[in-house]
Amino acid sequence: MARYSPSIQNLIAQLSSLPGIGGKSAQRLAFHILAMDDKDAEALTSAITAARQSTKRCTCCQNFTDSDPCPICSDPLRDKTTILVVESPRDVSTFERAHEYKGLYHVLHGVFNPMKSMSISDTTIPDLIKRLADHPEVTEVIVATNQTAEGNATALYLSRMVGPSGIKVSRLASGLPMGSDIEYADDLTLLSALKGRVMLSGENNEA
Ligand SMILES: [Zn+2]
């Protein structure tokens, strides 16, 4: 391992803590940043600062937004009776890109994962339960968590929590490969998973 000055080592350590960035990529990025001219480096740091300062969570759907409520929650043309529950803000962009889903969202910012001691309160599930109580117009909750053990456990938990209230709880069809992330699904796969969703509770027949 090459020895670098403490400030470069620190930069590499910070960059390698980002998701998907290994040690080699972190070193490449660090030296790229150091080689940038002052103007470009300043633009990068101020973009990070500005995004962090102006981005907040929508108090309704918990997605990241510059304005609260977010543009989707405040759009009068969206169907207010359906809420699609996703793990991360990236999943919202994935569904929006497909231009098919017209309802609202709820971003969990994580999933129920007892192995990593992620409990329900580490997600926005409590906000969702409160939101459903405050909005009786909601008739269906579509759980679009990833097809992983944690995603499935979260879906099951939601169906148990929400089902008794009479709101339909459905799960995306299993067209998505097991263990895969929603964010990597192509539009067509996503749409057929949405159309073929299966009811977990609230109704016996499929949607
Ligand atoms: Zn919102």
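So the sequence shown is numbered by our numbering: it starts at 3 and just counts up by one. Glycine is no exception: its CB is placed at the ideal position from the N, C-alpha and C atoms. None of the values given here were measured: they were computed from a predicted structure.
On the DSSP letters alone, give me the boundaries of the beta strand (DSSP E) that His108 sits inside.
Unbroken beta strand (DSSP E) run through His108: Gly105 to Val109.
Can you name the residues that DSSP bridges to Asp81? Gly105
Secondary structure at Leu202, three-state DSSP: helix, strand or coil?
-> strand
- Message: Looking only at its chain, what residues have a beta carbon closer than 6 Å to the beta carbon of Cys72, apart from the 5 residues adjacent to it on each side?
- Response: Cys60 and Asn65
Residues with C-beta closer than 6 Å to any heavy atom of ligand 1, in chain order: Cys60, Cys62, Cys63, Asn65, Pro71, Cys72, Ile74 and Cys75
Quick one: is Pro138 buried, meaning 16 or more other Cβ sit within 10 Å of its Cβ, or exposed?
exposed
- request: Give the single residue among Val87, Lys118, Asp188 and Gly168 whose Cα lies nearest to the Cα of Ala146.
  value: Val87
*Report yes if the C-beta distance between Ile122 and Pro116 is below 8 Å; otherwise report no.*
At the C-beta level, Ile122 and Pro116 stay beyond 8 Å of one another.
Would you call the stretch 143-158 and the stretch 181-193 touching, i.e. three or more CB-CB distances under 8 Å? yes
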